[in-house]
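Taking it in order: structure first as structure tokens, then the write-up.
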Amino acid sequence: MADRNETRITELEIKLTHQDRLLEELNQVVIAQAEEIRRLHKRFERLEQTMLQVQVDPADEPPPHY
């Protein structure tokens, strides 16, 4: 019985080690994705500002025959 318990404990320790490694890998993916989201958000804001600056008020456009 002691051997069986020792085997079970060893198997649980191995599973825990694998889960810890997987959790760390997933954490690194989440960190990278969060950074990418921040980068894309800043890029979008710059693009939005550029689009707002480029928009021309129809009253400011020259008439078609100009």
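Note that the numbering used here has the sequence shown beginning at 614, numbered continuously upward. Even glycine gets a Cβ: it sits at the ideal position worked out from N, Cα and C.
Query raised in the report: What separation, rounded to the nearest whole angstrom, lies between the Cα atoms of Leu-629 and Glu-649?
Result: 30 Å
Report task. Report the three-state DSSP secondary structure of Met-664 (helix, strand or coil). Result -> helix
**Report entry** Helix, strand or coil at His-678 according to DSSP, with G and I counted as helix
**Finding:** coil
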